[in-house]
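One structure is given here, and the rest of the page talks about it.
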Amino acid sequence: MPELRLLLPPVGENWSRIADYRAHGGYGAAERALREMTPEAIVELVKSSRLRGRGGAGFPTGMKWGFLPKDRQRPRYIACNADESEPGTFKDRQILERNPHKLIEGLLIAAWANTIDAAYVYMRGEYRGPFENLGAAVAEAYAAGYLGKNVLGTGLDFDVYLHRGAGAYICGEETGLLESLEGRKGQPRKRPPFPAISGLWRRPTIVNNVETMSHVPHIVANGAEWFKQIGVEKSTGTTIFGVSGDVVRPGTYELPLGTPLRELIFEYAGGIPEGRALKAVIPGGVSMPVLTAEQAMQVDMSHDALVAAGSMLGTGGIVVLDERQCMVRAALAIARFFRHESCGQCTQCREGTGWLHKLMVSLEAGTGTPADLKTIDEVTRFMDGHTICALSDAAAWGSGWFLRRFRQEFEDHVTHRGCPLAATSFEV
Amino acid sequence: MALSSELTQRISAEFPKYPEKRAVLLTALHFVQEESGGWLPKDVVPELAQLLEIPVIDVWEVISFYSMFNAEPVGRYHLRVCTNLSCCLRGARAVVRAFEQALDIRPGERTEDGMFSLGEVECLGSCGTAPVLQVNNRRYDEGLSPGDVGGLVARLRKEASTSKREES
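Top to bottom, those sequences are chains L and H. First residue of the first sequence? That's 10 in my numbering, and the numbers climb one at a time after it. First residue of the second sequence? That's 6 in my numbering, and the numbers climb one at a time after it.
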């Protein structure tokens, strides 16, 4: 089966320059939206398409837009989340490097629909190439009259500004992003108020991921019914899945939501090298609960199916681990990451991420005890659901579910006083 | 003046994009770091605070919070290898070891000649082309193996001897 590419150009093509993008129908949807559709009609269209956010949480996009105050008092902002840093996730980068005008067109339509003055694209600082590529595309869009004063003669004044982060995972959390964009440490805010009411500079703000915004043009162009026919009932449209780890062809694959995980691993990504057996799969970035091979072989990549299987779709970043690999080491790598990235604001997270990391290191070093396994269980429970943002939950799920789903292997680390898979496993 | 008039102008040119000058802080620190050999000299901090009309401590808070800002000198080539899960599954640890051997330094250290510094970094969004190295917060070298490291180090040494320092 070929991929279904709505977001990305065909293999080997790059539509970063505006002439190429327009030659493939680019900006047609924006022209139609601004000239023929009312803002309210666009919000309704996005609602009825059932588009859900592609940044990890899967919140309905139209509903989020609907939370903006009805008085349309300005200024109002878009904060576009291009801080892609969930480990296992490398999809927004594909749009930024190969189809940046798609994002700009999505931002323009969203600006018209929501009476927005300016969009700030907050991009992780390490994405230097994507930053320059999007910057060149934004300059082209200004020159072509799609951005700036009186866009397409409609009276809309709309600016797109690019903003660089500087290396902090927490800035991908929506209120951490707002804090960082305002020039502070990226420590998340308490909610309420939600950003739609009080966001950037305490003004109404919608925060949407790069891929989410990039779906808006083809929804406007082809209609909500068309979009809903792709994917499954509550997970509509395509997404850019990323497959990494122990597969023959790691990379991104744009496919309808609801595609079986087994197809993604064994057909698109070519299966596991040298015919080794599958052991574990993280389906949506390392924040999401790991699945056993048995679970992974049966699940479809939709929101509902993954929740039913005891995980979540997250960012659709799939990390595959084969039979050689040690589950404690995987949990250790994840725990180390969250310890590094905790912003330090909430005690459960600041302390808990450190505890988890130390306990995993101890197990791997052969100094772990049966009581340590109980402590991991306890610490993850204290961390889950008790903090300002979801980083603590993610840290608890990310390593805690390795223990719950591969408990025997953790116990073996205690009884063997070290890693029983040291001879075959990856090094951490 | 630690902050050149050219840098002051570049930073000030960012102000109109935002309702508050403070929002330019991260961008300003990137600009300064690129012009200062990849790190942030101490004496620039009060001047930045004054330009952005914010307390000095707020600048320090931001510098210490974000992993891309260096408060200490780094090598002419600042090498950061991703050691998150997808890169480790593809052999990142062996790549780090190869750099340690080739440069005779550990992560967090700098070579005596100031040419290289080495570090580990969290996920760079290169999981499909793992393992990845980022040089000077700029270019990515993807799909690395330990065998590539010697050639890469030699290439950078040669580049250093033939060109002036690239932007960090």
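The beta carbon of each residue, even a glycine, is placed where N, CA and C say it ideally should be. Quick caveat: nothing in here was measured; it's all calculated off a predicted structure.
Which stretch, first to last residue, makes up the alpha helix (DSSP H) that contains residue i?
i, result
"phenylalanine 9 of chain L", "Chain L is shown from 10 up to 437; residue 9 of chain L falls before or after that span and cannot be answered."
"phenylalanine 391 of chain L", "379 to 392"
"valine 64 of chain H", "61 to 70"
"glutamate 149 of chain L", "137 to 152"
"methionine 72 of chain L", "70 to 75"
"asparagine 123 of chain L", "109 to 123"
"histidine 425 of chain L", "Note, histidine 425 of chain L: premise wrong, no alpha helix (DSSP H); not H, not E."
"serine 408 of chain L", "400 to 414"
"tyrosine 30 of chain L", "27 to 32"
Is the shortest distance between the beta-carbon of residue i and the beta-carbons of chain H less than 8 Å?
i, result
"arginine 137 of chain L", "yes"
"glutamate 441 of chain L", "Because chain L spans 10 through 437 in this model, residue 441 of chain L falls outside it and cannot be assessed."
"tyrosine 155 of chain L", "no"
"arginine 285 of chain L", "no"
"phenylalanine 415 of chain L", "no"
"histidine 349 of chain L", "yes"
"valine 169 of chain L", "no"
"valine 295 of chain L", "yes"
"tyrosine 151 of chain L", "no"
"arginine 63 of chain L", "no"
"phenylalanine 346 of chain L", "yes"
"alanine 342 of chain L", "yes"
"valine 130 of chain L", "no"
"arginine 173 of chain L", "yes"
"glycine 176 of chain L", "yes"
"alanine 302 of chain L", "no"
Sorry if obvious, but does the Cβ on residue i come closer than 7 Å to a heavy atom of the ligand MN?
i, result
"alanine 305 of chain L", "The ligand MN is not among the ligands present in this structure, which contains no ligands whatsoever."
Say whether chain L places a C-beta atom closer than 8 Å to the C-beta of residue i.
i, result
"arginine 98 of chain H", "yes"
"proline 112 of chain H", "no"
"glutamate 58 of chain H", "no"
"glutamate 171 of chain H", "Below a pLDDT of 50, predicted positions are generally treated as unreliable, and glutamate 171 of chain H, at 49, falls in that range; no measurement from the model is reported."
"glutamate 117 of chain H", "no"
"valine 154 of chain H", "no"
"isoleucine 16 of chain H", "no"
"glutamate 127 of chain H", "yes"
"lysine 22 of chain H", "yes"
"valine 67 of chain H", "yes"
"phenylalanine 104 of chain H", "no"
"serine 122 of chain H", "no"
"serine 72 of chain H", "yes"
"glutamate 25 of chain H", "yes"
Any idea if residue i is buried or exposed, counting beta-carbon neighbours within 10 angstroms, 16 or more meaning buried?
i, result
"arginine 160 of chain H", "exposed"
"tryptophan 74 of chain L", "buried"
"isoleucine 68 of chain H", "buried"
"isoleucine 62 of chain H", "exposed"
"arginine 59 of chain L", "buried"
"serine 173 of chain H", "Confidence is the limiting factor: at serine 173 of chain H the pLDDT is only 45, short of 50, which leaves the residue's position unreliable and the question unanswerable from this model."
"tryptophan 235 of chain L", "exposed"
"threonine 378 of chain L", "exposed"
"glycine 113 of chain H", "exposed"
"lysine 194 of chain L", "buried"
"serine 166 of chain H", "exposed"
"valine 49 of chain H", "buried"
Quick one, are the C-beta atoms of residue i and residue j less than 8 Å apart?
i, j, result
"glycine 267 of chain L", "serine 223 of chain L", "no"
"valine 388 of chain L", "tryptophan 364 of chain L", "yes"
"isoleucine 87 of chain L", "alanine 128 of chain L", "yes"
"glycine 280 of chain L", "valine 257 of chain L", "yes"
"alanine 278 of chain L", "phenylalanine 347 of chain L", "no"
"leucine 5 of chain H", "phenylalanine 74 of chain H", "The structure shown has nothing for residue 5 of chain H, since chain H only spans 6 to 173."
"arginine 85 of chain H", "leucine 8 of chain H", "no"
"serine 253 of chain L", "glycine 43 of chain H", "no"
"glutamine 334 of chain L", "lysine 383 of chain L", "no"
"valine 295 of chain L", "isoleucine 343 of chain L", "yes"
"proline 204 of chain L", "threonine 184 of chain L", "yes"
"methionine 132 of chain L", "arginine 107 of chain L", "no"
"serine 72 of chain H", "valine 328 of chain L", "no"
State the start and end residues of the unbroken beta strand (DSSP E) segment that holds residue i.
i, result
"histidine 224 of chain L", "Run containing histidine 224 of chain L: none in the beta strand (DSSP E); it sits in the alpha helix (DSSP H), 219 to 231."
"proline 265 of chain L", "260 to 265"
"glutamine 139 of chain H", "138 to 140"
"threonine 247 of chain L", "247 to 254"
"alanine 88 of chain L", "86 to 91"
Quiz item: For the stretch 131 to 144 of chain H, which residues have a CB atom closer than 8 Å to at least one CB atom of chain L, in sequence order?
Solution: From the stretch 131 to 144 of chain H, only Ser131, Cys132, Gly133, Thr134, Ala135, Gln139, Asn142, Arg143 and Arg144 have a Cβ closer than 8 Å to chain L.
Quiz item: Can you list, in chain order, the residues of the stretch 195 to 219 of chain L whose Cβ is nearer than 8 Å to any Cβ on chain H?
Solution: Taking 8 Å as the Cβ-Cβ cut-off against chain H, the residues of the stretch 195 to 219 of chain L that qualify are Gly195 and Trp210.
Self-check item: Against chain L: residues of the stretch 76 to 95 of chain H by CB proximity under 8 Å
Solution: If the cut-off is 8 Å between Cβ atoms, the stretch 76 to 95 of chain H has Thr88, Asn89, Leu90, Ser91, Cys93, Leu94 and Arg95 near chain L.
Exercise. Please name the residues in the stretch 181 to 196 of chain L whose beta-carbon is closer than 9 Å to at least one beta-carbon of chain H, in chain order.
Key: Legend: CB atoms of the stretch 181 to 196 of chain L lying less than 9 Å from CB atoms of chain H belong to residues Ser189, Leu190, Glu191, Gly192, Arg193, Lys194, Gly195 and Gln196.
Self-check item: Where the stretch 236 to 268 of chain L meets chain H: residues whose CB sits under 8 Å from a CB there
Solution: Legend: CB atoms of the stretch 236 to 268 of chain L lying less than 8 Å from CB atoms of chain H belong to residues Gly251, Val252, Ser253, Gly254, Asp255, Pro259, Gly260 and Thr261.
Self-check item: Residues in the stretch 79 to 112 of chain L having any Cβ partner in chain H nearer than 7 Å
Solution: Cβ contacts with chain H come from Glu93, Ser94, Pro96, Gly97, Thr98, Phe99 and Arg102.
Exercise. Name, going along the chain, the residues of the stretch 29 to 43 of chain H whose beta-carbon falls closer than 8 Å to a beta-carbon of chain L.
Key: Cβ proximity to chain L below 8 Å picks out Val29, Leu30, Leu31, Thr32, Leu34 and His35 from the stretch 29 to 43 of chain H.
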